[in-house]
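S.K.:
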Amino acid sequence: MKCFLVVGSRKEAIAINGPPNVVKSKQFEGQIKVRLRDYEVQDHEYFSKSNDTCSIMIAGHFVPTESVMTADDILFGNQFDKPLRDVLPAGSSYLMKCLKLVDPALEYDLYSDQPWAFSPFYSTMTKMKTANTQLPLEYFDEGSSNRKKEMLDPENRQKLPINPSRYFVADFCNPFFDPSSMSISIPYTKLKFSIQSYYSGQPLRYVCKTRTDEPIFAIEFDL
C-alpha cells in the first residue's frame, strides 16, 4: 500500500507509521501523520494505547483567506473521481446508516458521477484539542470534552470563528476501518467484509476542503 499527501498540484509520499509530512497551503499550515495497525513498519507507542486500526493525525492551524470563517466552513471526508453506483455491494445503505450513528453530521451521495461523503471537520474528528502553540503528533485523550456533541449543531459551528493564532491537534481514528486490508467492521455488529473490489482502481481519498468546495489538502491511499 502507498499513501500520499496532496496539496494543490503537489503530491508527495507519506511514510505510514513514519515521520510526519509538512503541510502548507493557502488555508492551512501544519503537519500530518498516518498510522496503520499491523503495517510492515510498526508504531507500537501509539497502538499500545489504542484499539484503533488506523489514524490520520493533523496538527497545525487554519489560515482563513476570507474576512470571517467559522467551524461550519471546513469539511472532511471522502471524494471519488468515478461512479461507484454499479459496483456498490448489497447493504450499502445499511452501512451508511450505521456510519451515521457514529457520525450523525455525515452527508453523502454514493450514486452521483463523483461520489462523496463529508462531515464538518470540527465534529467528525474523533479527538481534538487546541492550544496557543503547535501541538505534538502523539497519542492523546480528549477527556470529557463535549466538542463532538456541540459541533453537531450548525448554529454552534457558525458561532465558532476560525482563529489563525489558535493551534489544534486532531485524530481521525477508529477501529472499524482497516486500510491495510481494505476491510470494514460494521459498527455495533460483528459483521466484517472487504471493500477492495468496489473501488475499481480508484484511490481512497480523504479530503479537507471548504464548504465552497475549495480543496485544502488530501490524503490518498493507493489501493
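The opening residue of the sequence shown carries number 488 in our numbering; numbering runs sequentially from there.
Heads up, the beta-carbon is just placed ideally off N, CA and C, and yes, glycines get one too.
1. For a test of the three-state rule: what should DSSP assign to residue 595, helix, strand or coil?
2. Residue 658 by DSSP, collapsed to three states: which one?
3. Go through its chain and collect everything with a Cβ distance to residue 490's Cβ below 6 Å, but skip five positions before and after it.
4. Spell out the partners DSSP gives residue 615 in its beta bridges.
5. Spatial neighbours of residue 544 within its chain, please: CB distance less than 6 Å, with the 5 preceding and 5 following residues excluded, ordered by chain position.
6. Quick one: residues in its chain with C-beta nearer than 8 Å to the C-beta of residue 742, no 5 flanking neighbours on either side, listed in chain order?
7. Considering Cα atoms alone, identify which of 695, 689, 703, 701 is closest to residue 570.
8. Tell whether a beta-carbon distance below 8 Å holds between residue 462 and residue 632.
9. Please report the distance separating the alpha-carbon of residue 583 from that of residue 557.
10. Could you check the C-alpha separation between residue 613 and residue 598 for me, to the nearest Å?
11. Can you tell me where the beta strand (DSSP E) with residue 508 in it begins and where it stops?
12. Would the beta-carbon of residue 565 fall within 8 Å of that of residue 698?
13. Count the other CB atoms within 10 Å of the CB of residue 622; is the residue buried (16 or more) or exposed (fewer)?
14. Put residue 563 into one of helix, strand or coil per three-state DSSP.
15. With 16 as the cutoff for other CB atoms within 10 Å, does residue 588 come out buried or exposed?
16. May I ask which residues mark the beginning and end of the beta strand (DSSP E) holding residue 708?
17. Counting only the same chain and skipping the five closest in sequence on each side, list residues whose C-beta sits under 8 Å from that of residue 644.
18. Quick check on DSSP: helix, strand or coil for residue 689?
19. Please determine whether the Cβ atom of residue 661 lies at a distance below 7 Å from any heavy atom of the ligand GTP.
20. Which value, in whole angstroms, describes the spacing of the CA atoms of residue 662 and residue 626?
M.R.: The short version:
1. In the sequence shown, counting from the first residue as 1, residue 595 sits at position 108. Looking at residue 595 - three-state DSSP - the assignment turns out to be strand.
2. Here residue 658 refers to the residue found at position 171 of the sequence shown. Strand at residue 658.
3. Residue mapping note: residue 490 aligns to position 3 of the sequence shown, counting from 1. The residues are 501, 503, 521, 708.
4. The residue given as residue 615 occupies position 128 in the sequence shown. Paired residues: 657.
5. What you label residue 544 is simply residue 57 of the sequence shown in a count that begins at 1. Excluding sequence neighbours, residue 544 sits near 520, 624, 658.
6. What the structure shows of the chain is the stretch from 488 to 710, and residue 742 is not part of that stretch, so it cannot be assessed.
7. Counted from its first residue, the sequence shown places residue 570 at position 83. Comparing Cα positions, the closest option is 689.
8. Because the chain is modelled from 488 through 710, residue 462 falls outside the range shown and cannot be assessed.
9. Indexing the sequence shown from 1 puts residue 583 at position 96. Indexing the sequence shown from 1 puts residue 557 at position 70. Distance from the CA atom of residue 583 to the CA atom of residue 557, rounded to whole angstroms, is 27 Å.
10. Residue numbering aside, residue 613 sits at position 126 when the sequence shown is read from its first letter. Residue numbering aside, residue 598 sits at position 111 when the sequence shown is read from its first letter. Spanning the two alpha carbons is a distance of roughly 27 Å.
11. Reading the sequence shown from its first residue, position 21 is the one you call residue 508. Residue 508 -> beta strand (DSSP E) spans 508–511.
12. For the purposes of this step, residue 565 is taken as the residue at position 78 of the sequence shown. For the purposes of this step, residue 698 is taken as the residue at position 211 of the sequence shown. No, these two residues do not count as a Cβ contact at 8 Å.
13. Position 135 of the sequence shown, counted from the start, is the residue given in the question as residue 622. Classification of residue 622: buried, given that the 10 Å Cβ count is 16 or more.
14. Mapped onto the sequence shown, residue 563 falls at position 76. Under the three-state reduction of DSSP, residue 563 is assigned to strand.
15. Along the sequence shown, one-based indexing puts residue 588 at 101. It is exposed - the Cβ of residue 588 has fewer than 16 other Cβ atoms within 10 Å.
16. Here residue 708 is taken as the residue at index 221 of the sequence shown, counted from 1. Element bounds for residue 708: 702–709.
17. Walking along the sequence shown from the start, residue 644 turns up at place 157. Taking C-beta separations shorter than 8 Å and ignoring five residues to either side along the sequence, the partners of residue 644 in its chain run 557, 558, 559, 607, 609, 610, 638, following chain order.
18. Stepping through the sequence shown from its first residue, residue 689 is reached at position 202. In the structure shown, residue 689 sits in coil (DSSP, three-state: anything other than H, G, I, E or B).
19. Although the ligand GTP was asked about, the structure shown includes no ligands whatsoever.
20. Here residue 662 refers to the residue found at position 175 of the sequence shown. Here residue 626 refers to the residue found at position 139 of the sequence shown. Going from the Cα of residue 662 to the Cα of residue 626 covers about 15 Å.
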